[in-house]
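Take a look at the structure below.
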Amino acid sequence: MKIKQTLLAVAFGAAAVSASLPVMAADVNGKEIKIAVVRNLAAGDHTQQFLAGCVSEGKKFGYKVDTFVTDGVDSRAQETTAQVISKGYDGIILSHGQLSYSYDLLKPAVDKGIKVVTFDTMPFKGGDPKGELLPTVTSTAQDDYALAELSLGQMMADFEAKGGKYPMKVLKTFMGPGVPPLDRRNTIYTKLEKEGKIKTVYTISPSDPANARGDVTTKTAAILPTLRPGKVDAIWGCYDELAKGVLQALNDANRTDMPMYTIDISNDDIQLMVRNPKVWISSAAVDPKLIGVVNMRLMAMKLNNIQTPDYFNLEAKNIKTSELNEGVTMENLVQIVEGWGNADDPVKALNTPEIQKLYVNK
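Taken in order, the sequence shown gives residues -25 to -1, 1 to 337; the numbers are from mature numbering (1 follows the signal peptide of the UniProt record, and there is no 0).
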């Protein structure tokens, strides 16, 4: 799905999208409400889906929504967010800020009375994952522990069905530490290592987060000649962009002997899974558009003085390649995966009567 967008040249170096909305909600002073969404990931399909959720839901509330994509470059994310704070926005949604800087980055916004919601960003004081969450902020996330349990659980179930004996020999992709969602997923992986269920043969990590997919392709291609068939039982992709880099290298080398189990999904992922069923076996995920919708609903609650939680996790699902076909997209995946992208749920998606009353454009 493509977002209809106008690219703006902005001085602080992020790709910006301004959503033109027919009706604007106003605060008590009659001023239009402006929301900035800063996405610190590459501008791929998953990012477009997330932004589409933010923009479409913002439209229902009558907000002016501007989005900024900083391609996983932390210096750009910090500079962009600092500029946004100075530009008079009423609310900021920050996606994928790093643990090390997010608290200090967002505190000036909170101090100015700007409402803040984060996704896969943990603004903990001092960058301490056990520290204090920045007051008034709601931190949202996919249920990363469940995502890891679903993907690794499928991997081990298939291994056992083939008569495999533990430990599994796994080629692991990872980016971190310091990326909160990936760190959470990794805790499940390392637990299985300690239990003797998994033995990591090699870990591939990108050096360039702005080109994670291409970087992983290059690194995988370099080690494949050393990984003869049988040396690796499975590949674990903790993040789909890394997994796609591995897949490209496998295809270039005509290798189909290593099944791959991943996390996250997009239209691009679905097509690659369908075209490579011997390699890409399953992916655990949350609908990225729903994530955007829920984050904007939380923002609306804050702007209207409705109580919000400190944390909100979105439910994970597992998608098997064997259930997919070329006609499946993110829009109709619900026909295969029950509950996928359900924005009507009052608990899991915050579609409450209070939210319904705030809509000015339905």
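Backbone N, C-alpha and C define an ideal beta-carbon position, used for all residues, glycine too. All of these numbers come straight from a predicted model, not from anything done at the bench.
Q | Proximity below 8 Å, CB of Val191 to CB of Ile245 | A | no
Q. Leaving out five residues before and five after Tyr120 in sequence, what residues of the same chain have Cβ atoms less than 8 Å from its Cβ?
A. Arg159, Arg160, Thr162 and Ile163
Q.
Just to confirm the assignment: which complete alpha helix (DSSP H) runs, minimum length 4, are found wholly within the stretch 137 to 194?
A. 155 to 169
Q: List the endpoints of the continuous beta strand (DSSP E) containing Ala259.
A: Trp255 to Ala260
Q | Asp86 (DSSP reduced to helix, strand or coil) | A | helix
Q: Work out the CA separation of Thr45 and Gly102 for me, nearest whole Å.
A: 21 Å
Q) Measuring CA to CA, which of Gln223, Asn251, Gly314 and Tyr214 is closest to Ile240? A) Tyr214
Q) Which whole-angstrom value is the C-beta distance of Ile10 and Leu122, which I expect to be below 8 Å? A) Rounded, the Cβ-Cβ distance is 27 Å, inconsistent with contact.
**Q.** Identity of the residue in Ala18, Val268 and Ile256 nearest Glu298 by Cα
**A.** Ile256
Q: Determine the contact status of Gly66 and Lys277, defining contact as a CB-CB distance below 8 Å.
A: yes
Q | Counted within 10 angstroms of its Cβ, other Cβ atoms place Glu216 as buried (16 or more) or exposed | A | buried
Q. With distances taken between CB atoms, is the gap from Met274 to Lys90 smaller than 8 Å?
A. yes
Q. What number of angstroms, rounded off, separates the C-alpha of Leu81 from the C-alpha of Gln282?
A. 20 Å
**Q.** Uninterrupted beta strand (DSSP E) stretches inside the stretch 236 to 308 (no shorter than 3 residues)
**A.** 255 to 260, 286 to 289 and 292 to 295
(Q) Quick check: the Cα distance between Arg14 and Ser31, rounded to an integer number of angstroms? (A) 16 Å
Q: Would you kindly work out how many angstroms separate the C-alpha atoms of Pro321 and Gly33, rounded to a whole number?
A: 18 Å
**Q.** Nearest-angstrom beta carbon gap, Thr296 and Gly212 [assumed within contact, 8 Å]
**A.** Contact flag wrong, Cβ pair sits at about 13 Å.
Q. Excluding the five sequence neighbours on either side, which residues of its own chain have a C-beta within less than 7 Å of the C-beta of Asn326, listed in chain order?
A. Ala318, Asp319 and Asp320
Q.
Tell me which residues share the same chain as Glu306 and place their Cβ nearer than 6 Å to its Cβ, disregarding the 5 neighbours each side in the sequence.
A. none
Q. Between which two residues does the alpha helix (DSSP H) carrying Val59 extend?
A. Asp49 to Ser61
Q. Taking the continuous beta strand (DSSP E) assigned at Ser114, which residues delimit it?
A. Thr113 to Gln117
**Q.** Cβ pair Ile60, Ala84 closer than 8 Å
**A.** yes
Q) Name the DSSP bridge partner or partners of Gly66? A) Ile10 and Lys90
Q. Roughly how many whole angstroms lie between the Cα atoms of Asn293 and Val312?
A. 8 Å
Q. Are at least three pairs of beta-carbons, each pair with one atom in the stretch 135 to 145 and one in the stretch 248 to 262, less than 8 Å apart?
A. no
Q. Is the stretch 127 to 142 close to the stretch 171 to 188, with three or more CB pairs under 8 Å?
A. yes
Q. Which first and last residues belong to the alpha helix (DSSP H) in which Ile330 is found?
A. Pro328 to Leu333
**Q.** Exposure of Lys264, with buried meaning 16 or more beta-carbon neighbours within 10 Å
**A.** buried
(Q) Tell me the residue span of the alpha helix (DSSP H) that contains Phe43. (A) Per DSSP, Phe43 belongs to no alpha helix (DSSP H); it is in the beta strand (DSSP E), Lys39 to Val44.
Q. To which residues of the same chain is Glu168 closer than 7 Å at the C-beta, ignoring the five residues directly before and after it?
A. Thr175
Q) Which same chain residues, not among the five before or five after Lys100, have their C-beta less than 6 Å away from its C-beta? A) Tyr78, Gly106 and Glu107
Q | Gly33 - containing alpha helix (DSSP H), residue span | A | Asp20 to Phe36
Q) Rounded to a whole number of angstroms, what is the C-alpha to C-alpha distance between Pro328 and Lys35? A) 14 Å
Q. DSSP on Ala209, reduced to helix/strand/coil?
A. strand
**Q.** Residue nearest to Leu127 in terms of C-alpha spacing, selected from Lys137, Lys166 and Thr231
**A.** Lys166
Q | Identified DSSP bridge partners for Phe99 | A | Leu108
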